[in-house]
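See below for the structure under consideration.
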Amino acid sequence: MLAHVPVLLDEVVEMLSPRNGGVYFDGTFGGGGYTRSILESAKCTVVGCDRDQRVLCAANELREKYGNNFKFSHAKFSDVEQILKNYAIAKLDGIVLDLGVSNFQLNDPSRGFSFRHSGPLSMEMGLCRKSAMDIIHEYSEQQLADIIYEYGEERFSRKIAKNIKKNLEKIKNTEDFANIIRICVKKTGRTDPATKTFQAIRICVNEELVELKAILDLLPILLNPGGRVVVVSFHSLEDRIIKTHFKQLCDDKNCADHRFCLLTKKPLIPSRSEVLANPKSRSAKLRGICKV
Ligand SMILES: C[S@@+](CC[C@H](N)C(=O)[O-])C[C@H]1O[C@@H](n2cnc3c(N)ncnc32)[C@H](O)[C@@H]1O
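Using the working numbering, the first residue of the sequence shown is number 458, and each one after it goes up by one.
Given below as structure tokens:
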């Protein structure tokens, strides 16, 4: 079992409304929480995908239980067309994406996602071109500052980038990296000053926004009429992209063969009890859209 508590699980499955005979794509399989619930709620097929090899054990468990109704690909969700082609699936009745990092990734020091543990400066979810260490060495001070500003919304980005470049040889692991950042940012409240920069570099390593935009662009050709898309995101950059993209799809009245309508005017957020039970869910936002 991989330790990950699925966020907004009931809301996701209710909005997806799986039906018998339907085919669904879980692009961020993780510990398999969403996939399992979808398979429990109807006699349907789920194609799961994750870029992280570590989820293979959870995928194998589900394969044993659900046989042919569950298929898994170790791939990025932007490759969804090729994945479906491999299984001779033409169109989907629903897509779910849960864009956060899994707990088993965050809490494993050897993956280098967290400033709380000392580990290699990697931050790779899997199938990446560069590690965080490659990026801080290969990118210029200006490029680093831009990434930290854009993906981390960090106002001390220039100071941080300068300090990273100045101390490159001293940065051997996540702990060194976090300390170099902490020197540049005034601590306010309980948030660690390294939080925003770690988020920015992680987004860059995993090309997270590129991935998201790529699958959103494919939605019109991926879905059957009535097909639904449900996306859970964890920071404002992602939510903004999803909101804008969904709105554009719904406003595009010219394409008679791919009209969409919103399932959520405002995003759904976790209940107080969910946040209490799983504090990591507090920043989650769920948006849904349906192909008419
Ligand atoms: C928050 S977890 C998903 C948890 C899952 N919903 C569950 O119930 O267990 C996010 C997962 O998405 C994967 N992931 C992130 N970006 C991806 C991408 N572009 N393509 C494929 N998998 C991705 C990560 O490796 C991680 O395992």
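The beta carbon of each residue, even a glycine, is placed where N, CA and C say it ideally should be.
Have a look at residue i and residue j and give me their C-alpha separation to the nearest angstrom.
{"i": "valine 537", "j": "aspartate 467", "result": "25 Å"}
{"i": "alanine 741", "j": "alanine 499", "result": "26 Å"}
{"i": "arginine 612", "j": "threonine 631", "result": "21 Å"}
{"i": "lysine 629", "j": "glutamate 731", "result": "38 Å"}
{"i": "valine 553", "j": "leucine 733", "result": "24 Å"}
{"i": "lysine 533", "j": "phenylalanine 634", "result": "28 Å"}
{"i": "glutamate 626", "j": "valine 642", "result": "21 Å"}
{"i": "isoleucine 495", "j": "serine 693", "result": "27 Å"}
{"i": "arginine 716", "j": "lysine 622", "result": "49 Å"}
{"i": "asparagine 477", "j": "alanine 671", "result": "29 Å"}
{"i": "serine 530", "j": "valine 504", "result": "8 Å"}
{"i": "tyrosine 606", "j": "arginine 697", "result": "16 Å"}
{"i": "serine 597", "j": "glutamate 518", "result": "45 Å"}
{"i": "asparagine 828", "j": "leucine 725", "result": "The chain is shown only over 458 to 749; residue 828 falls outside these bounds and no answer can be derived."}
{"i": "serine 690", "j": "serine 728", "result": "16 Å"}
{"i": "serine 567", "j": "lysine 737", "result": "21 Å"}
{"i": "valine 558", "j": "valine 667", "result": "16 Å"}
{"i": "glutamate 521", "j": "alanine 515", "result": "10 Å"}
{"i": "glycine 750", "j": "aspartate 565", "result": "This structure cannot speak to residue 750, because the chain is shown only from 458 to 749."}
{"i": "valine 708", "j": "valine 470", "result": "Note that residue 708 is aspartate in the sequence shown here, rather than valine. C-alpha separation (whole angstroms): 26 Å."}
Measuring CA to CA, which of the options is closest to residue i?
{"i": "glycine 684", "options": "Asp708, His702, Lys623 and Cys747", "result": "Cys747"}
{"i": "isoleucine 637", "options": "Ile604, Asn663, Gln599 and Ile593", "result": "Ile593"}
{"i": "alanine 651", "options": "His574, Ile699 and Val462", "result": "His574"}
{"i": "arginine 615", "options": "Gln599, Gln539 and Ile546", "result": "Gln599"}
{"i": "tyrosine 544", "options": "Phe703, Phe527 and Met472", "result": "Phe527"}
{"i": "cysteine 585", "options": "Lys737, Asn663 and Pro724", "result": "Asn663"}
{"i": "glycine 490", "options": "Asn624, Asn560, Cys707 and Cys661", "result": "Asn560"}
{"i": "isoleucine 678", "options": "Val558, Lys548 and Pro577", "result": "Lys548"}
{"i": "glycine 745", "options": "Ile660, Lys723 and Phe572", "result": "Lys723"}
{"i": "proline 475", "options": "Thr492, Val464 and Leu459", "result": "Thr492"}
{"i": "lysine 700", "options": "Tyr481, Lys710 and Leu720", "result": "Leu720"}
{"i": "glutamate 497", "options": "Ile640, Tyr481 and Pro736", "result": "Tyr481"}
{"i": "phenylalanine 703", "options": "Arg568, Cys718, Asp603 and Val689", "result": "Cys718"}
{"i": "lysine 710", "options": "Val749, Val689, Lys737 and Ser738", "result": "Val749"}
{"i": "glutamate 695", "options": "Asp591, Glu665 and Cys707", "result": "Glu665"}
{"i": "threonine 502", "options": "Asp708, Gly524, Asn620 and Thr485", "result": "Gly524"}
Confirm, please, whether the CB-CB distance from residue j to residue i is below 8 Å.
{"i": "leucine 676", "j": "valine 687", "result": "no"}
{"i": "glutamine 562", "j": "tyrosine 608", "result": "no"}
{"i": "leucine 669", "j": "leucine 556", "result": "yes"}
{"i": "glycine 487", "j": "histidine 461", "result": "yes"}
{"i": "methionine 582", "j": "isoleucine 658", "result": "no"}
{"i": "aspartate 483", "j": "asparagine 681", "result": "no"}
{"i": "glutamate 610", "j": "lysine 644", "result": "no"}
{"i": "valine 512", "j": "leucine 459", "result": "yes"}
{"i": "isoleucine 546", "j": "cysteine 506", "result": "no"}
{"i": "alanine 589", "j": "leucine 578", "result": "yes"}
{"i": "aspartate 509", "j": "phenylalanine 572", "result": "no"}
{"i": "cysteine 661", "j": "isoleucine 604", "result": "yes"}
In the DSSP assignment, find the unbroken alpha helix (DSSP H) run with residue i in it and report its ends.
{"i": "arginine 493", "result": "490-498"}
{"i": "glycine 609", "result": "598-609"}
{"i": "arginine 739", "result": "Note, arginine 739: premise wrong, no alpha helix (DSSP H); not H, not E."}
{"i": "cysteine 641", "result": "From DSSP, cysteine 641 is part of no alpha helix (DSSP H); its letter is neither H nor E."}
{"i": "leucine 541", "result": "537-543"}
{"i": "leucine 733", "result": "729-734"}
Starting from residue i, trace the beta strand (DSSP E) in both directions and tell me its first and last residue.
{"i": "asparagine 681", "result": "680-690"}
{"i": "aspartate 509", "result": "Here aspartate 509 belongs to no beta strand (DSSP E), and DSSP marks it neither H nor E."}
{"i": "histidine 531", "result": "527-531"}
{"i": "cysteine 661", "result": "Counting along the chain, cysteine 661 falls outside any beta strand (DSSP E), though it belongs to the alpha helix (DSSP H) covering 652-662."}
{"i": "aspartate 483", "result": "480-483"}
{"i": "leucine 465", "result": "Where leucine 465 is concerned, there is no enclosing beta strand (DSSP E), given that its DSSP letter is neither H nor E."}
{"i": "cysteine 707", "result": "Element bounds for cysteine 707: not the beta strand (DSSP E) but the alpha helix (DSSP H), 693-708."}
{"i": "leucine 720", "result": "First-last for leucine 720: undefined, no H or E at that position."}
Hey, is residue i's beta-carbon within less than 8 Å of any beta-carbon in chain B?
{"i": "serine 575", "result": "In summary, chain B is missing from the structure at hand, where a single protein chain is found."}
Return yes when the C-beta of residue i is under 7 Å from any heavy atom of ligand 2, and no when it is not.
{"i": "aspartate 507", "result": "With respect to small molecules bound, the structure shown includes ligand 1 and not ligand 2."}
Checklist line | In chain order, each alpha helix (DSSP H) run of at least 4 residues that lies wholly inside the region 548-633 | finding: Those alpha helix (DSSP H) runs which fall completely within the region 548-633 and span 4+ residues are 560-563, 589-595, 598-609 and 614-623.
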